[in-house]
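When we follow the working numbering, the leftmost residue of the sequence shown carries the number 7, and every step to the right adds one.
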Amino acid sequence: MERDIKHFVEHVLRDYPKLDSYIKKREEELRVPYKPSDENIGGGRAQNKRSEPELNMLITIDEDRCLRNLRRNKKAVDDALDDSSTDTITIITELYFKKHQEYTIDGLVANQKIYVSRAQAFILRDKFLKKVAQNLEIPDVKL
């Protein structure tokens, strides 16, 4: 896997624990958009546009690129986690999901938090990263 792709996937994994709050915040921003006050008192043209705020809001939420990307990232990681062993989940949780990492891969092996060798632990991590990249539909990533 190329280095820049690996760094992108690692960034997605580090954001994963906060994705639900990011999604909620973005949906709220779309539901209650900022509207500057209208300083123009009279003299303006009449608007012939029909107001359908609920329909417009649903279309906006459905079409918002940022929100779609957040949901795609969450689904990609969720799907990869569903297909992973407990050792892989322990590795990924420790390396990427914790706010303050307590162990490295070597520490996980030495403290028997995972029951695979050091080499196998790196293989599991890399396989997981490739799976997430594949779920994100990043081109040229093969398992």
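Just so it is clear, CB atoms sit at the ideal spot from N, CA and C, and this is done for glycine as well.
Expected contact under 8 Å - CB spacing of residue i and residue j to nearest Å
{"i": "residue 25", "j": "residue 79", "result": "6 Å"}
{"i": "residue 11", "j": "residue 139", "result": "6 Å"}
{"i": "residue 83", "j": "residue 18", "result": "7 Å"}
Residue i vs residue j beta-carbon contact at 8 Å
{"i": "residue 134", "j": "residue 99", "result": "no"}
{"i": "residue 112", "j": "residue 124", "result": "yes"}
{"i": "residue 76", "j": "residue 29", "result": "yes"}
Local Cβ density within 10 Å of residue i, reported as buried at 16 or more and exposed below that
{"i": "residue 141", "result": "buried"}
{"i": "residue 92", "result": "exposed"}
{"i": "residue 110", "result": "exposed"}
{"i": "residue 136", "result": "buried"}
Inter-residue Cα distance where the pair is residue i and residue j
{"i": "residue 7", "j": "residue 16", "result": "12 Å"}
{"i": "residue 128", "j": "residue 37", "result": "43 Å"}
{"i": "residue 55", "j": "residue 81", "result": "Residue placement at residue 55 cannot be trusted, given a pLDDT of 47 that sits under 50; the coordinates are not used to answer."}
{"i": "residue 32", "j": "residue 108", "result": "31 Å"}
{"i": "residue 27", "j": "residue 126", "result": "34 Å"}
{"i": "residue 34", "j": "residue 145", "result": "32 Å"}
{"i": "residue 143", "j": "residue 85", "result": "13 Å"}
{"i": "residue 101", "j": "residue 71", "result": "28 Å"}
{"i": "residue 103", "j": "residue 96", "result": "10 Å"}
Alpha helix (DSSP H) segment containing residue i, residue limits
{"i": "residue 33", "result": "25-37"}
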